[in-house]
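Asker: Before we start, here is the structure in question, set down as structure tokens.
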Amino acid sequence: MNSDFIKYQAQTSPYPLGMEVSHAVGSYIYDTSDKKYLDFVAGVSACTLGHQHPRVNQAIKDQLDKYSHVMVYGEYSQSPAVEYCKLMASLLPEPLNKTYLVNSGTEAIEGSLKLARRVTGRSQLISCHNAYHGNTMGSMSVMGFEERKQAFRPLIPDIDFITFNNEEDLLKITSKTAGVLLETIQGGAGFIEPFNDYLKKVRDRCTKVGAMMILDEIQPGFGRTGKLFGFQNYDIVPDIIAMGKGMGGGMPVGAFTASAEMMDLLTENPKLGHITTFGGHPVIASACLATLQELVETDLMNEALNKEKLFRSLLVHPLIEEVRGKGLMLAAMTKNAEITNEVILRCQSKGLILFWLLFEGCAIRITPPLTISENEIREGCAILKEVMDEVALLN
Ligand SMILES: Cc1ncc(COP(=O)(O)O)c(C=O)c1O
């Protein structure tokens, strides 16, 4: 591992994977010794169209040749951002017709929470146990995993937690609640889908008490579950959606979308209710626009469901207890975290990139680019099974 990487670049854990990246194309990443790795992780659900997608690259280059950053968010009309927000409005159900562009997923959450407070004039925010929404102070306050928050307390007050898929807990949502924030499909918790019309029940409760229903679509969004957004699988319309990750086709971005009526409240009392220097950056917005156009003009979103079927038919092995998730947001569950760890590390050395989930040690993350081919899926699953055979002998 490059010692300067450890010495000079701040780290997030004592044991980074440390691959020295040379270049990446399509579904593959190459290291500096020219070893090729099949990417089943897509930069943790960010590289929707794989690496170096020609349409995204071209959009970035074209925009760079015109102008890059010229003004803070919201002052000048810059066509990549305007076109993006317009296209997004045309793809979402009413009244989700106005989008605020920011720079990361966690900022999209911050903006969503602020908007819920601004719209309702209430302060209480509710999220779920085991939820992950990002790492800034507000997002961390609504993270449902105490172990990772303790050292950073005090966080923001008036937060309460419910259990995802638990209907009785919905009574905790009351006329004091500003917003209820849920991941449409829980990510860090282990790719847990809502069941038994849970999201409809949350919707009904929020409508009844006048609380904002906020969905975090940062992982399921952008085609990964077969629809543009995960919530479109469950026949509901939230009040606010937060997006990020796959939105930029590999570029850093986030956004939150709500009705124009609600969004416009951020412009007065106080004005500048949410501001950002780089939000809507023209180069990033061009990448977002190219990614979104590619998704809606091709069959990639539908194909995600066929690819899920292929994965499920191949992910059969005595070490795999269950495959969770939807579309290309899948987690192969093993019996324990040791097995999962061993499998992920051995796969990496054999040229297959897999990853962990934040709070569920048994899960092996499988979130490849939507552009992955059937042959690549077969190739990766063959490596995974070969490694699982080895690991099974150790246990
Ligand atoms: C569900 C969810 N919400 C929010 C975030 C935060 O996004 P970012 O890392 O871009 O701030 C993530 C990132 O992993 C996420 O998975």
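Each residue of the sequence shown is one higher than the one before, counting from 50 in the numbering used here.
For each residue, glycine too, the CB sits at the ideal point set by N, CA and C.
As the structure is a computational prediction, the values presented were derived from the model and not from experiment.
#1: Only counting the same chain, and skipping five residues up and downstream in sequence, which positions put a Cβ closer than 7 Å to that of A381?
#2: Which residue from S52, L442 and T148 puts its Cα closest to that of Y133?
#3: Quick check on M186: does DSSP put it in helix, strand or coil?
#4: Taking all protein chains shown into account, do 16 or more other C-beta atoms lie within 10 angstroms of the C-beta of T66, making it buried, or fewer, making it exposed?
#5: At the level of alpha carbons, what is the spacing between G288 and L443?
#6: Any chance the CB of D218 is under 8 Å from a heavy atom of ligand 1?
#7: At a threshold of 8 Å, does N184 count as lining ligand 1 (C-beta to nearest heavy atom)?
#8: Extract the residue ranges of the beta strand (DSSP E) inside the region 347 to 375, only unbroken runs of 3 or more that lie entirely within it.
#9: Would you check if the region 127 to 141 and the region 92 to 105 touch, i.e. whether three or more CB-CB distances between them fall below 8 Å?
#10: How long is the line joining the alpha carbons of V474 and R273, rounded to whole angstroms?
#11: Helix, strand or coil: which one does DSSP assign to I285?
#12: From G295, T326, E346 and A304, pick the residue whose C-alpha is nearest to that of N146; which is it?
#13: Does at least one heavy atom of ligand 1 sit under 8 Å from the Cβ of S398?
#14: Does ligand 1 have a heavy atom nearer than 8 Å to the CB of Y181?
#15: On the DSSP bridge list, what partners appear for S176?
#16: Buried or exposed: V302, going by 16 or more other Cβ atoms within 10 Å of its Cβ?
#17: Cα-Cα, which of L162, G295, N214 and L401 is closest to G270?
#18: Would the C-beta of P301 count as close to ligand 1, meaning under 8 Å from any of its heavy atoms?
#19: Under 8 Å, with one C-beta from each stretch per pair, do the region 172 to 179 and the region 201 to 214 reach the 3-pair mark?
#20: How far does the alpha helix (DSSP H) with T148 in it reach, from first residue to last?
#21: Distance check for L401 and A431, CA to CA, integer angstroms please.
#22: What residues are listed by DSSP as bridge partners for A309?
#23: Using a threshold of 9 Å, state whether the C-beta atoms of G237 and L406 are closer than that.
#24: Which residue from G299, P63 and A334 puts its Cα closest to that of L113?
#25: Quick one: complete beta strand (DSSP E) runs, 3+ long, within the region 69 to 114?
#26: For T316, collect the residues of the same chain with a Cβ closer than 8 Å to its Cβ; drop the 5 residues on either side in sequence, then sort them by chain order.
#27: Once you ignore the five residues that flank E352 on each side, which residues in its own chain have a CB closer than 6 Å to its CB?
#28: Roughly how many whole angstroms lie between the Cα atoms of Y116 and P129?
#29: Answer yes or no: do L377 and K399 have a C-beta to C-beta separation smaller than 9 Å?
#30: Would L231 pass as a contact of I205 if the rule is Cβ separation under 9 Å?
Answerer: In terms of the structure at hand:
#1: L364, I369, V372, I413 and I415
#2: T148
#3: helix
#4: The sequence shown places Leu at residue 66, rather than the Thr named in the question. That one is exposed.
#5: Gly is not the amino acid found at residue 288; the sequence shown has Asp there. The alpha-carbon atoms of D288 and L443 are separated by roughly 50 Å.
#6: no
#7: yes
#8: 371 to 375
#9: no
#10: Residue 474 lies beyond the stretch modelled for the chain, which goes from 50 to 444, so this question has no answer here.
#11: coil
#12: A304
#13: no
#14: yes
#15: F210
#16: buried
#17: G295
#18: yes
#19: yes
#20: Segment K147 to V151 is the beta strand (DSSP E) holding T148; no alpha helix (DSSP H) there.
#21: 10 Å
#22: Per DSSP, none; premise fails for A309.
#23: yes
#24: A334
#25: 70 to 74, 77 to 80 and 85 to 88
#26: G322
#27: none
#28: 11 Å
#29: no
#30: no
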